[in-house]
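K.L.:
Can you read through this structure? Questions will come right after.
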Amino acid sequence: MAIERTFSMIKPDATKRNLTGAITKVFEDNGLRVVASKRVWMSKREAEGFYAVHKDRPFFGELVEGMTSGPTVVQVLEGENAILKNRELMGATNPAQAAEGTIRKQFALSIGENSVHGSDAPETAAEEIAYWFSSTEIVG
Ligand code: CMP
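Residue 117 in full-length UniProt numbering sits at position 117 of the sequence shown, with consecutive numbering throughout.
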């Protein structure tokens with residue numbers, strides 16, 4: 001299996017509850033390396049741009065409001081099969097449907113405050129990494 005990179009966010013609902021370390025530990029304990037990381041407070045423009053694919057969805061306003069309500073930790077994770085592995089570690093988008101032991105089952109509050117985001121495919125991983133990081137900020 002190839003070594004991949006994926007994009008991850010620890011969202012404001014989680015950073016506000018001081019869960020950055022606990023969530024990062026799940027990644028590291030499961031073979032993912034944090035090869036880039038920074039804490040940002042997203043502007044409305046940044047949040048709208050990042051989630052532009054959802055702009056016509058009824059929850060878009062709530063999503064942007066949540067993502068601009070506090071700090072987010074944006075990260076690049078590297079490891080074998082990193083994109084799928086991270087999605088398995090996160091669990092289902094809606095924590096009510098997330099499997100036992102997943103990050104969202106353990107930490108998420110609701111579908112809107114679901115603690116983490118992770119890329120769903122190689123193309124989106126590349127786009128999302130480039131949205132937040134320059135190549136010199138990623139150190140493997
Ligand atoms: P994420 O993986 O970051 O991708 C888009 C986000 O939109 C998703 O996680 C949820 O936080 C949010 N989202 C998706 N569906 C809903 C919904 N029905 N109501 C509120 N927020 C949602």
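The beta-carbon is built from N, C-alpha and C at its ideal position, and this holds for glycine as well.
Please state if the CB of G79 and the CB of L32 are separated by a distance shorter than 7 Å.
P.N.:
For L32 and G79, yes; Cβs fall inside 7 Å.
K.L.:
Look at the alpha carbon of S69 and the alpha carbon of M90, and state the distance between them as a whole number of angstroms.
P.N.:
C-alpha separation (whole angstroms): 21 Å.
K.L.:
Three-state secondary structure (DSSP) at A108?
P.N.:
In the structure shown, A108 sits in coil (DSSP, three-state: anything other than H, G, I, E or B).
K.L.:
Tell me whether N18, by its Cβ, gets closer than 6 Å to a heavy atom of the ligand CMP.
P.N.:
Every heavy atom of the ligand CMP is 6 Å or more from the Cβ of N18, so no.
K.L.:
How close, in whole Å, do the beta carbons of L84 and F27 come, if the pair is a contact with beta carbons under 8 Å?
P.N.:
With a Cβ gap of about 14 Å, L84 and F27 do not count as contacting.
K.L.:
Please find out if some non-hydrogen atom of the ligand CMP comes closer than 6 Å to the beta-carbon of F59.
P.N.:
Yes - the ligand CMP has a heavy atom lying nearer than 6 Å to the Cβ of F59.
K.L.:
Near E128, which residues of its chain fall below 6 Å by C-beta distance, leaving aside the five closest residues on each side in sequence?
P.N.:
If we look at E128 and ignore the five residues flanking it on each side, its Cβ neighbours are F7, S119.
K.L.:
Using alpha carbons as the reference points, say which of G101, Y131, I111 lies closest to E62.
P.N.:
Closest by alpha carbon: I111.
K.L.:
Measure the Cβ-Cβ separation of V64 and A47 and say whether it is below 7 Å.
P.N.:
In contact: V64 and A47 (Cβ atoms closer than 7 Å).
K.L.:
Of all the beta strand (DSSP E) runs that stay within the bounds of the UniProt domain "Nucleoside diphosphate kinase-like" (3-140), which reach a length of 3 or more residues?
P.N.:
Runs of the beta strand (DSSP E) inside the UniProt domain "Nucleoside diphosphate kinase-like" (3-140): 3-10, 33-40, 72-80, 116-118.
K.L.:
Throw me the rounded Cβ distance for the R5 and A98 pair, which I believe falls under 8 Å.
P.N.:
So it is not a contact: roughly 24 Å between Cβ atoms.
K.L.:
Would you kindly check if the distance between the Cβ of S115 and the Cβ of D13 is under 7 Å?
P.N.:
Yes, these two residues count as a Cβ contact at 7 Å.
K.L.:
Do you know whose CA, among T102, E88, S135, A108, lies nearest A121's CA?
P.N.:
Of the candidates T102, E88, S135, A108, the one whose C-alpha sits nearest the C-alpha of A121 is E88.
K.L.:
Can you tell me the Cβ-Cβ gap for P71 and V40, rounded? I've got them flagged as a contact below 8 Å.
P.N.:
The pair is a contact, with the Cβ atoms about 7 Å apart (cut-off 8 Å).
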